[in-house]
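In what follows, a structure is listed as structure tokens, so that the remarks can point back to it.
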Amino acid sequence: MADNSTTTTTGPRKSQRLAESSYHSPYSHAGAPTPHPNDDPYAPLRGRALATLEAMGYGPKTMVERGVVWAEDQDPFGHVMNSQYSHFLSTCFHRVMESFDQFLSKEEFDDMIHARTVIPVLRKYEVDFRRQVKYPDSLIAAHREEGIEPTRNNATVSLFSLKQQAIVAEAKGCVTFIDVKTNRPVDIRTLGGGWSLLFEAFTKEAQEAKELKEKWDAECAKEKAAKTPHI
Numbered sequence: 000m001a002d003n004s005t006t007t008t009t010g011p012r013k014s015q016r017l018a019e020s021s022y023h024s025p026y027s028h029a030g031a032p033t034p035h036p037n038d039d040p041y042a043p044l045r046g047r048a049l050a051t052l053e054a055m056g057y058g059p060k061t062m063v064e065r066g067v068v069w070a071e072d073q074d075p076f077g078h079v080m081n082s083q084y085s086h087f088l089s090t091c092f093h094r095v096m097e098s099f100d101q102f103l104s105k106e107e108f109d110d111m112i113h114a115r116t117v118i119p120v121l122r123k124y125e126v127d128f129r130r131q132v133k134y135p136d137s138l139i140a141a142h143r144e145e146g147i148e149p150t151r152n153n154a155t156v157s158l159f160s161l162k163q164q165a166i167v168a169e170a171k172g173c174v175t176f177i178d179v180k181t182n183r184p185v186d187i188r189t190l191g192g193g194w195s196l197l198f199e200a201f202t203k204e205a206q207e208a209k210e211l212k213e214k215w216d217a218e219c220a221k222e223k224a225a226k227t228p229h230i
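Each step along the sequence shown adds one to the number in numbering that gives the first Met the number 0, with nothing skipped, and position 51 is 50.
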């Protein structure tokens, strides 16, 4: 009797676990020669997250994405540790400081980085931990300028979860510009050069961010009102 059954040979299926942590792969970034070999579920999530953050007034130039690392970021209960939140936020702050080179001369910037003249020093900050984060996930740290003063700069830095599509932590604080020779606050407007340009640019950025945030809040309030049942 003839055997009419057929055998179908297939290769290994795509790894779901590798897809879930695809943010670690270089194939998830621009410049990869081919699409991600295990699919990248974060690509559409990243697009929505960036659109949301920009609409809320966060600056795109200094955003940082940091994927959750299984062996380093979790506590014994499988949650990202509070200390890691601060680490992620500080990475964004460092990029904000690096952005000063748009306004400062090379000499002014190098003097700041090497603590020879004026440096931005953290004065205070308060973190609102809103949601738990678990592996796998990737977080975007984003900075929103809240207003620069002659001797200090105020900002909000938030962590946005790609999986949850929500802000999971928000830090509000300020840095003080310190003269390293006197160890006292300094009015950066009096320094001239690029420092005056930085003050003007951050003043403008704060106003633009405020307008975007107010528009975002108004739209959210309108949507919430539309969903509220009328009695």
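Each residue gets a CB set at the ideal place from its N, CA and C atoms; glycine is no exception.
Start-to-end residues for the beta strand (DSSP E) that takes in residue i
{"i": "residue 157", "result": "151–160"}
{"i": "residue 168", "result": "165–178"}
Distance, residue j Cα to residue i Cα
{"i": "residue 148", "j": "residue 186", "result": "8 angstroms"}
{"i": "residue 32", "j": "residue 26", "result": "8 angstroms"}
{"i": "residue 36", "j": "residue 44", "result": "18 angstroms"}
{"i": "residue 123", "j": "residue 34", "result": "43 angstroms"}
{"i": "residue 106", "j": "residue 98", "result": "15 angstroms"}
{"i": "residue 73", "j": "residue 181", "result": "42 angstroms"}
{"i": "residue 173", "j": "residue 193", "result": "21 angstroms"}
{"i": "residue 191", "j": "residue 96", "result": "18 angstroms"}
{"i": "residue 92", "j": "residue 169", "result": "13 angstroms"}
{"i": "residue 126", "j": "residue 167", "result": "10 angstroms"}
{"i": "residue 116", "j": "residue 184", "result": "12 angstroms"}
Element boundaries [alpha helix (DSSP H), containing residue i]
{"i": "residue 88", "result": "81–97"}
{"i": "residue 195", "result": "192–226"}
{"i": "residue 105", "result": "105–112"}
{"i": "residue 41", "result": "41–54"}
{"i": "residue 72", "result": "69–72"}
C-beta atoms of residue i and residue j nearer than 7 angstroms
{"i": "residue 158", "j": "residue 87", "result": "yes"}
{"i": "residue 208", "j": "residue 144", "result": "yes"}
{"i": "residue 155", "j": "residue 175", "result": "no"}
{"i": "residue 64", "j": "residue 177", "result": "no"}
{"i": "residue 62", "j": "residue 141", "result": "yes"}
{"i": "residue 119", "j": "residue 20", "result": "no"}
{"i": "residue 48", "j": "residue 215", "result": "no"}
{"i": "residue 108", "j": "residue 196", "result": "no"}
Beta-bridge partners of residue i, as assigned by DSSP
{"i": "residue 21", "result": "Answer is none; residue 21 lacks a bridge partner."}
{"i": "residue 63", "result": "140"}
{"i": "residue 128", "result": "168"}
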